[in-house]
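Right, one structure below, let's go through it.
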Amino acid sequence: MAKTKSEVIAEAATILTARHPNKEDPLKRRETLKASFSWLCRELSEDQPEASAEKIVGYVKGILAQKRRLR
Numbered sequence: 122m123a124k125t126k127s128e129v130i131a132e133a134a135t136i137l138t139a140r141h142p143n144k145e146d147p148l149k150r151r152e153t154l155k156a157s158f159s160w161l162c163r164e165l166s167e168d169q170p171e172a173s174a175e176k177i178v179g180y181v182k183g184i185l186a187q188k189r190r191l192r
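Taking the working numbering, I'd label the letters of the sequence shown as residues 122 to 192.
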């Protein structure tokens, strides 16, 4: 069954927050979730799933690169 745009965005934002480098500060993680959700809502298109998927992948890669740099 296909997911709605809001379901995909909520899932992506939750994953991004779970992988956020700052595990010690819940407020910072909450702010990251809000920013991620806002960005994904604004940037993703309903009618261009491939382009939207590329944007999510790029964003996740950026988060993971930041996490590696902080190690």
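All C-beta atoms, glycine included, are put in the ideal place defined by N, C-alpha and C. Small disclaimer: the values here were computed from a predicted structure and weren't measured.
Where residue i falls: helix, strand or coil (DSSP)
| i | result |
| --- | --- |
| Glu128 | helix |
| Gln169 | coil |
Same chain only: Cβ atoms within 8 angstroms of residue i, ignoring 5 sequence neighbours per side
| i | result |
| --- | --- |
| Ala131 | Phe158 |
| Trp160 | Tyr180 |
| Ser166 | Ala172 and Ser173 |
Straight-line Cα distance separating residue j from residue i
| i | j | result |
| --- | --- | --- |
| Thr153 | Tyr180 | 12 angstroms |
| Glu128 | Cys162 | 11 angstroms |
| Arg151 | Ala139 | 10 angstroms |
| Lys188 | Glu164 | 23 angstroms |
| Thr135 | Ala156 | 11 angstroms |
| Gln169 | Gly183 | 21 angstroms |
| Arg190 | Thr125 | 34 angstroms |
Buried versus exposed, by CB contacts within 10 Å (16 or more), residue i
| i | result |
| --- | --- |
| Ser173 | buried |
| Ala133 | buried |
Same chain only: Cβ atoms within 6 angstroms of residue i, ignoring 5 sequence neighbours per side
| i | result |
| --- | --- |
| Lys176 | Glu164 |
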